[in-house]
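In what follows, a single structure is set out as structure tokens and then discussed.
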Amino acid sequence: MMEGVALAQERASLSRARWEPGNKPDPFCSDNRQISHKSFNTLVAEYAIEQLVPQLCAQGLHMPASLQDARQLEPVGLDQQPLINSVEQLNYLAKLHHAKVKLDYDKLARHQWLPEYNPMLLGYFNPAKRRLLAAMLDSLCYDFQHLFRPVSLIAGVYETTHWGRMPTGELMLANLQRISLGNPALDLAGTFVHLPTVDNCYQMAQAYLQVNPQFKRNINQLTVDILAAAVWLKVDKCRLVCLGLDEFSVTEETFYFEQVSQWLVALMNK
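Using full-length UniProt numbering, you'd call the opening residue of the sequence shown number 1 and step up by one each time.
As structure tokens, then:
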């Protein structure tokens, strides 16, 4: 694992061009089969299944054994999804963050927050709130770049449907298309099923530090990191939608127009 992190740090100054929204994903799998869904990380999932899953399963982290299994698990609706125990999920993530694996950094997903991504979220807000929130998003973007440093292996997922269960009942990570190196706060923000308050993030940080006391951030630092990561997840969702790599449900557009903008205004006034 440390070899992978060191390699990632050496390559931290990646070309800006690979992050530009204009770059289109490769529409083919590694064996030249055309991808039939919108995900741009199918190659990451293939790499994870071939190289990472065997290593992680040996450490007690359950994951799909094939790309077909992963595709079948991910679209499961919330009404069919088994309930996820928060303690169970935090224990899984803490174990993932400590996993020792040999990896190729170039074949992992790349998560980043650039200023030009923010208008993709702002575009869903009431025009009267856009100018008010633009400065806030830009400030967070610049102040929290450390979230994307290669601290540890992360799942990178952000929805309940990205999780599943083994036939024997154990929790498993179903979506392998966002596995990357980054700050654990990105994973912790992805466990919320609602828009978190500062208190929610504090409680999450407290619970995580209980299962991962070796993590080198104090509770206040981790609280702020989780909150910023929760905002980034909303930015990233809109980026993927704008690029045609994801889509909103009928209710999600209304949710972003009303609730997400109100949530950000409330955070800004704290």
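All residues carry an ideal CB built from backbone N, CA and C; glycine is no exception. Only a predicted model underlies this, so the values are computations on that prediction, with no experimental measurement involved.
Going by C-alpha distance, which of the options is nearest residue i?
i: Leu267; options: His162, Val231 and Thr251; result: Val231
i: Val265; options: Thr197, Glu252 and Phe215; result: Thr197
i: Ile84; options: Leu140, Gly244 and Gly169; result: Gly169
i: Tyr158; options: Leu195, Leu122 and Lys95; result: Leu195
i: Leu245; options: Tyr142, Lys270 and Arg178; result: Arg178
i: His162; options: Pro119, His146, Glu116 and Asp187; result: Asp187
i: Cys242; options: Leu122, Leu93 and Gln55; result: Leu122
i: Lys237; options: Thr223, Val224 and Glu253; result: Glu253
i: Gln259; options: Pro150, Ser249 and Tyr124; result: Tyr124
i: Thr191; options: Phe215, Gly156, Gln221 and Val211; result: Gly156
i: Trp113; options: Lys102, Cys141 and Phe248; result: Cys141
i: Gln214; options: Ala65, Leu56, His97 and Ala58; result: His97
i: Pro150; options: Met136, Ser261, Arg165 and Asn183; result: Asn183
i: Gly164; options: Asp69, Cys57, Leu56 and Gln145; result: Asp69
i: Tyr256; options: Arg130, Met172, Leu56 and Ala135; result: Arg130
i: Asn200; options: Ala128, Ser86, Phe144 and Ala45; result: Ser86
i: Leu222; options: Tyr105, Val193, Thr160 and Leu147; result: Leu147
i: Leu43; options: Arg110, Tyr92 and Pro54; result: Arg110
i: Leu103; options: Ser261, Gln145, Gln55 and Pro127; result: Gln55
i: Ser139; options: Asp106, Phe248 and Ala228; result: Ala228
i: Met172; options: Phe248, Val193, Glu88 and Tyr202; result: Glu88
i: Val224; options: Met63, Gln203, Gln210 and Val211; result: Gln203
Run through DSSP, which three-state label would residue i get?
i: Leu67; result: helix
i: Ile219; result: helix
i: His84; result: Note that residue 84 corresponds to Ile in the displayed sequence, not to His. It is coil, neither helix nor strand.
i: Thr191; result: coil
i: Glu247; result: coil
i: Glu200; result: With the sequence shown as reference, residue 200 is identified as Asn, and Glu is not the correct amino acid for it. Residue state, collapsed to three classes: helix.
i: Pro213; result: coil
i: Lys270; result: coil
Flag this pair as yes or no: are the beta carbons of residue i and residue j separated by less than 8 angstroms?
i: Ile226; j: Ala185; result: yes
i: Pro233; j: Ala205; result: Looking at the sequence provided, one finds Leu at residue 233 rather than Pro. Cβ distance not < 8 angstroms, so Leu233 and Ala205 don't count as in contact.
i: Leu181; j: Leu108; result: yes
i: Leu90; j: Tyr208; result: yes
i: Val250; j: Met120; result: no
i: Arg239; j: Tyr117; result: yes
i: Leu153; j: Val101; result: yes
i: Ala99; j: Gln59; result: yes
i: Ser261; j: Leu137; result: no
i: Val211; j: Thr160; result: no
So if DSSP puts residue i in a beta bridge, which residue, or which two residues, is it bridged to?
i: His62; result: Met172
Please list the segments of the beta strand (DSSP E) lying wholly inside the stretch 147 to 182, counting only runs of 3 or more residues, in order along the chain. 152 to 154, 163 to 165, 171 to 173 and 180 to 182
Every unbroken beta strand (DSSP E) within the stretch 88 to 157, with a cutoff of 3 residues, ordered by chain: 152 to 154
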